Each structure stands twice: as structure tokens, then as C-alpha cells.
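Peer 1: Got a structure for you, written out below as C-alpha cells; questions coming shortly.
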Amino acid sequence: MSAAVAVPARRDVRVISLIGVAHGASHYYQLAFVTMLLIVRDEVGLSFGEVGLLGSLFYAVSGFGQTAAGFAVDRFGARPILAGGLAALGLMLGLISIAHSFAAFAAIAIIGGLGNCVFHPADFAILNASVDQKRLGRAFSIHGLGGSLGWAAGPAMYFLDHSIGWVGAALIGAIPGLVLAFLVLVHRTDLVDHRIKARAAAGAHGGGSIRALFLQMPILLCLVYFALLATNTVGIQQFAVPAWKSMFDVTENYAAFCLMVFVVGSAAGMLAGGYFADRVHRHERTAAIGLLAAAALTLPIATQTVPPALLPVILALAGFAGGTTGPSRDMIVRQATPAGASGKVFGFVYSGLDLGSFLAPLVFGQLMSLGQPATMFWIATGLYVFNAGLVTIIRQASPPARVPAAAAE
Numbered sequence: 001m002s003a004a005v006a007v008p009a010r011r012d013v014r015v016i017s018l019i020g021v022a023h024g025a026s027h028y029y030q031l032a033f034v035t036m037l038l039i040v041r042d043e044v045g046l047s048f049g050e051v052g053l054l055g056s057l058f059y060a061v062s063g064f065g066q067t068a069a070g071f072a073v074d075r076f077g078a079r080p081i082l083a084g085g086l087a088a089l090g091l092m093l094g095l096i097s098i099a100h101s102f103a104a105f106a107a108i109a110i111i112g113g114l115g116n117c118v119f120h121p122a123d124f125a126i127l128n129a130s131v132d133q134k135r136l137g138r139a140f141s142i143h144g145l146g147g148s149l150g151w152a153a154g155p156a157m158y159f160l161d162h163s164i165g166w167v168g169a170a171l172i173g174a175i176p177g178l179v180l181a182f183l184v185l186v187h188r189t190d191l192v193d194h195r196i197k198a199r200a201a202a203g204a205h206g207g208g209s210i211r212a213l214f215l216q217m218p219i220l221l222c223l224v225y226f227a228l229l230a231t232n233t234v235g236i237q238q239f240a241v242p243a244w245k246s247m248f249d250v251t252e253n254y255a256a257f258c259l260m261v262f263v264v265g266s267a268a269g270m271l272a273g274g275y276f277a278d279r280v281h282r283h284e285r286t287a288a289i290g291l292l293a294a295a296a297l298t299l300p301i302a303t304q305t306v307p308p309a310l311l312p313v314i315l316a317l318a319g320f321a322g323g324t325t326g327p328s329r330d331m332i333v334r335q336a337t338p339a340g341a342s343g344k345v346f347g348f349v350y351s352g353l354d355l356g357s358f359l360a361p362l363v364f365g366q367l368m369s370l371g372q373p374a375t376m377f378w379i380a381t382g383l384y385v386f387n388a389g390l391v392t393i394i395r396q397a398s399p400p401a402r403v404p405a406a407a408a409e
């Protein structure tokens, strides 16, 4: 390998690694926020329903802010917007250490939602502009893996709380966002400004109707798929620990360990799913099989027929099965995306994640308030099955041949 090739490869590794870790931080803070609310719930007098409402507020602000964040990324560049989002999330968690009322937590949720809304438009803008096209597939894979590992770190707040108390846990938990914000700002050379390429692409493909683009059936179905996916994922991650504690009569630390196993299994499945996505053409089949397997593995949890000792094993397998669908899911979105419209489409479709994340705390928090934790996993099983059918419909609704615009730009 020549030096001319080796240097860009090393730069790509730096860019992919930094953006992957930054994406992981966003997922970590999503889960750490609600985890801290559950930890301080008795101390500050919050109900499960209020915890769910605060979680929904976080995602509502993030969802509404994502389109605006996309415009900000195009106006000011992705690097400063991404750094600002990381700093805001760190500030969010740190402020929990001094909050003692629902109104204060609501203000903190708004700060966190504003920080969270920037990641998908900023991350994909940076990756598309900075990484060699031959490595974009791996870049997207590591980006998704970083998110899964970030979720796996969220339950660590329980262990920090038991070790140093909730105030110390909140302050220590704020550090990663602040450090990463600094690193993003100083990597000025590696993180290429995407705006020159974005203007060139717009000139090449022309400016079509955004409304017509978003109303295409495959794009709308992708939005629904992402919304239901997030409802399932976020609902389980935010309320699984108290649910399993009640359902299986286990300790909070054991339930937190089970959640970490589930998320790590999902991350491992994502790596395996990347292998399949590079070697198959019918991505909807890979996604559907993984979703149906996850449903089958979630069923014994819903029926409470699995012994507590085997709960981590079942959850690792369920997480793995669900994780394998991630890369194929992204390939399906790329196939449904017209050339030159990847930024708009990915921003619109990924807003479905915020929509589902907004709904999940309301529904799952209410179930916990009603003392119905097992119902959460019956809903999860049904959503896995429904989404397995939905990915097949998306493929049928998409044109038979599609330029992989997201990778090409």
C-alpha cells in the first residue's frame, strides 16, 4: 500500500472512530437521562408516569428540532453543530445533580432534546464528506455500532449511583459529552466541511419538490418503520430494569446487567448484520428473519416462563437477532432514496426514531404505573412481528433498481 493511500485510510479511521464514539454518546445520554430520573424518582417525588412524560418531552424536542438542525448543519457546518449537541447533552446530565422539581427536570429535558436533535444530520454530513466512498459502508456500520454500545453504557448509571450517590453519578456522567465536544472542535482538518459537496449535488440533481419527495410511499413506510422500531427499543431500554425487577423478583443490579447484555447482544448482531448486508440482495428477508427471531425470543419473557438465571441468555439472543436487522434496514432506506436526496430523506426518516421515542415513554411508563410490566413485552413481540411484515412491503413498494444515493454522495 502506498503512502498516498495509507494516509487517507488513517484519516478515515480517525473520522469514523470519532463520529462513532460521538454517536454512541448521544445514545448513552438518551438512556442515561431516563435512568437518572428512575434513580431519583423517590427522592424528588416523581411518578413513573411523570418519568415517562419527561422522556417523551426529551424526544419531542429532539424530533421537532431535527429538521431545524439539518438547516443549521447546512448553514454553519456540521462540526460546530455536532460539538454543540454533545456539550448540551453533557450539560443536561450534569444539571440533574441540582434539580428537585418536575419543572426543573422538564427544562433539563428540553436542553437534552436540543442537543440530541443534531446527531443524524451532522454525523451523516461529516461521514459523507470526510470518508472515502469505498469505506462508507463500514463507516455507517461503525456509526450504528457506536449507538448500540452507547445504549449499553446507559445502565452504568445504576452502578455509579450505588457507588457514589446520584449527585456524583450525574456529574461524572456529564464528562464524556464535554470531552467529545472539545475533540470534535479541534479535529478541524479531519472533519471535512460537507457544504461544498452538498451544493454541487444540488446543482447536479436540481431542486425537486420536498413535499413530493416525502410523500413517496417507500419513504413514508420507512418513517413508520423507524417510529415503531424506536417505540420498541426505547420502551424496553427505559423501563426494562424496573419491569424485570418486578416480573422476575431480581435485584436492580441484576436487572441492569440483563439490560446491558441485551444491548451488547444487539451490538454484536449489528456487526454480523453488516456481513450479511454486504453479501445479500434481498435485504428485507434478512431484516424480517431477524425481527421474527427477536419476537420468538421475547415471547418467553412476556409469558414469564424463563427462569431468572437464563434471562441474560435469552436477552443476549434476542438483542443479537434484532441487531442483525440494522444494516439491512439502512440498505432498504438507501434503496428507497432518490439520487441526490439522501440528506433530506435520512433526516426525514430518522425523525421517525424521535416520534417513536416520544411515544414509548408515555405508553410504557403508563403500563408501569398500572402495574402491568409484562404487557410491555407482549407489545414488543407484536411490534417485532408487524415490522417484519412492514420491511417486506417497503421492498415491494420501492422501484426495482435504485442508485444507492446515500453511499454515492
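The opening position of the sequence shown corresponds to residue 1 in the numbering used here, with each subsequent residue numbered one higher.
Each residue gets a CB set at the ideal place from its N, CA and C atoms; glycine is no exception.
Since we're looking at a predicted model, the values are computed, not measured.
1. DSSP three-state label for histidine 27, please.
2. Counting pairs of Cβ atoms below 8 Å between the segment 36 to 52 and the segment 313 to 330, do you hit three or more?
3. Less than 8 Å between the CB atoms is what I'm expecting for valine 21 and alanine 69, so what's the real figure, rounded?
4. Return the first residue and the last residue of the alpha helix (DSSP H) that alanine 410 is part of.
5. If you draw a straight line from the C-alpha of valine 13 to the C-alpha of serine 163, how long is it?
6. Taking the alpha-carbon of isoleucine 126 as reference, which of Asn116, Tyr29, Gly77 has the nearest alpha-carbon?
7. Pick out whichever of Val349, Leu390, Gly274 has its Cα sitting closest to the Cα of glycine 63.
8. Since leucine 183 and leucine 18 should fall inside the 8 Å C-beta cutoff, what is the C-beta to C-beta distance between them, to a whole number of angstroms?
9. Compute the distance between the beta-carbons of phenylalanine 386 and alanine 318, then report whether it is under 8 Å.
10. Check whether the Cβ atoms of phenylalanine 214 and threonine 298 lie closer than 8 Å to each other.
11. Is the beta carbon of leucine 367 less than 8 Å from the beta carbon of glutamine 237?
12. Using the C-alpha atoms, what's the distance from phenylalanine 226 back to aspartate 132?
13. Quick one: measure Cβ to Cβ for alanine 268 and glycine 323, integer angstroms, because I've assumed they're closer than 8 Å.
14. Here's a check: name, in chain order, each residue in its chain whose Cβ is nearer than 6 Å to the Cβ of methionine 230, leaving out the five neighbours to either side.
15. Per DSSP, what kind of secondary structure is alanine 204 in: helix, strand or coil?
16. Less than 7 Å between C-beta atoms, sequence neighbours within five positions excluded: which residues of the same chain meet that for alanine 3?
17. Taking 8 Å as the threshold, find out whether the segment 47 to 63 comes into contact with the segment 105 to 125 through three or more Cβ pairs.
18. State the Cα-Cα distance for the pair leucine 160 and alanine 169, rounded to the nearest angstrom.
19. Please report how far the alpha carbon of leucine 220 lies from the alpha carbon of leucine 89, in whole angstroms.
20. Which residue's Cα is closest to the Cα of leucine 95: Ile108, Cys258, Asn128?
21. Taking DSSP as the reference, what is the three-state secondary structure of glycine 371?
22. What would DSSP say about leucine 18, mapped onto helix, strand or coil?
23. Is leucine 311 buried or exposed, if buried means 16 or more other CB atoms sit within 10 Å of its CB?
24. Taking the alpha-carbon of tryptophan 166 as reference, which of Ala302, Val44, Ile332, Arg10 has the nearest alpha-carbon?
25. What are the start and end residues of the alpha helix (DSSP H) that includes aspartate 74?
26. Relative to the C-alpha of leucine 191, which candidate in Pro373, Ala83, Leu54, Tyr275 has its C-alpha closest?
27. Thinking C-beta only, is alanine 388 closer than 8 Å to leucine 291?
28. Would the beta-carbon of alanine 240 fall within 8 Å of that of leucine 259?
29. Which residues in the same chain have their Cβ closer than 6 Å to the Cβ of phenylalanine 48, if we skip the five residues on either side of it in sequence?
30. Give me, in chain order, the residues of the same chain whose beta-carbon lies closer than 7 Å to that of serine 97; leave out the 5 immediate sequence neighbours on both sides.
31. Assign aspartate 132 to one of three DSSP states: helix, strand, or coil.
Peer 2: In short:
1. As a first step, residue 27 is located in the sequence shown; it is residue number 27 there, counting from the start. Three-state result, histidine 27: helix.
2. no
3. On the sequence shown, residue 21 is found 21 positions in, with the first residue counted as 1. On the sequence shown, residue 69 is found 69 positions in, with the first residue counted as 1. Between alanine 69 and valine 21 the Cβ distance is about 19 Å, and since that is not below 8 Å, they are no contact.
4. Since the first residue of the chain shown is 1 and the last is 409, residue 410 is not available in this structure.
5. For the purposes of this step, residue 13 is identified with residue 13 of the sequence shown, where counting begins at 1. For the purposes of this step, residue 163 is identified with residue 163 of the sequence shown, where counting begins at 1. Roughly 35 Å between the two C-alpha positions.
6. In the sequence shown, the residue the question calls residue 126 occupies position 126. Here the closest residue by C-alpha is Gly77.
7. The residue labelled residue 63 in the question sits at position 63 within the sequence shown. Measuring from the Cα of glycine 63, the nearest candidate turns out to be Val349.
8. The residue you call residue 183 lines up with position 183 of the sequence shown. The residue you call residue 18 lines up with position 18 of the sequence shown. At roughly 6 Å, the Cβ-Cβ gap stays under 8 Å, so leucine 183 and leucine 18 are in contact.
9. As a position in the sequence shown, residue 386 is number 386, starting the count at 1. As a position in the sequence shown, residue 318 is number 318, starting the count at 1. No, they are not a contact pair.
10. Numbered from 1 along the sequence shown, position 214 holds the residue referred to as residue 214. Numbered from 1 along the sequence shown, position 298 holds the residue referred to as residue 298. No, they are not a contact pair.
11. Start at 1 with the first residue of the sequence shown, and residue 367 comes out as number 367. Start at 1 with the first residue of the sequence shown, and residue 237 comes out as number 237. Contact flag unset, no.
12. Here the question's residue 132 lines up with position 132 in the sequence shown. Here the question's residue 226 lines up with position 226 in the sequence shown. About 27 Å.
13. Translated into positions along the sequence shown, residue 268 becomes position 268. Translated into positions along the sequence shown, residue 323 becomes position 323. The pair is a contact, with the Cβ atoms about 7 Å apart (cut-off 8 Å).
14. Your numbering for residue 230 matches position 230 in the sequence shown. First, the amino acid is wrong: residue 230 is alanine here, not methionine. Closer than 6 Å at Cβ, skipping near neighbours: Leu353, Gly356, Ser357.
15. Taking the first residue of the sequence shown as 1, we reach residue 204 at position 204. At alanine 204, the pLDDT of 48 sits below 50, so the modelled position is not reliable and the matter cannot be decided from this model.
16. The count along the sequence shown starts at 1 and reaches residue 3 at position 3. Confidence at alanine 3 is low in this model, with a pLDDT of 43, below 50, so the placement of that residue should be treated as unreliable; the coordinate-derived value is given next. So no residue of the chain qualifies.
17. yes
18. Start at 1 with the first residue of the sequence shown, and residue 160 comes out as number 160. Start at 1 with the first residue of the sequence shown, and residue 169 comes out as number 169. The alpha-carbon atoms of leucine 160 and alanine 169 are separated by roughly 5 Å.
19. Along the sequence shown, one-based indexing puts residue 220 at 220. Along the sequence shown, one-based indexing puts residue 89 at 89. So the two alpha carbons sit approximately 30 Å from each other.
20. As a position in the sequence shown, residue 95 is number 95, starting the count at 1. Considering only Ile108, Cys258, Asn128, the residue with the shortest C-alpha distance to leucine 95 is Ile108.
21. To locate residue 371, count along the sequence shown from 1; it is residue 371. Residue state, collapsed to three classes: coil.
22. One-based indexing of the sequence shown puts residue 18 at position 18. Looking at leucine 18 - three-state DSSP - the assignment turns out to be helix.
23. Looking up residue 311 in the sequence shown gives position 311. Leucine 311 comes out buried.
24. Residue mapping note: residue 166 aligns to position 166 of the sequence shown, counting from 1. Selected option, being the one with the closest Cα: Val44.
25. In the sequence shown, the residue the question calls residue 74 occupies position 74. From DSSP, the alpha helix (DSSP H) with aspartate 74 extends over 48 to 76.
26. Position 191 of the sequence shown, counting from 1, holds the residue named residue 191. Among Pro373, Ala83, Leu54, Tyr275, the Cα nearest to that of leucine 191 belongs to Ala83.
27. Within the sequence shown, numbered from 1, the residue matching residue 291 stands at position 291. Within the sequence shown, numbered from 1, the residue matching residue 388 stands at position 388. With respect to alanine 388, leucine 291 sits close: the two C-beta atoms are nearer than 8 Å.
28. As a working note, residue 240 is residue 240 in the sequence shown. As a working note, residue 259 is residue 259 in the sequence shown. Cβ atoms of alanine 240 and leucine 259: closer than 8 Å.
29. Residue 48 sits at position 48 when you count from the first residue of the sequence shown. Correct list, in chain order: Gly365, Met368, Ser369.
30. For the purposes of this step, residue 97 is identified with residue 97 of the sequence shown, where counting begins at 1. Val167, Ala170, Leu171, listed in sequence order.
31. Residue mapping note: residue 132 aligns to position 132 of the sequence shown, counting from 1. The DSSP-derived three-state label of aspartate 132 is coil.
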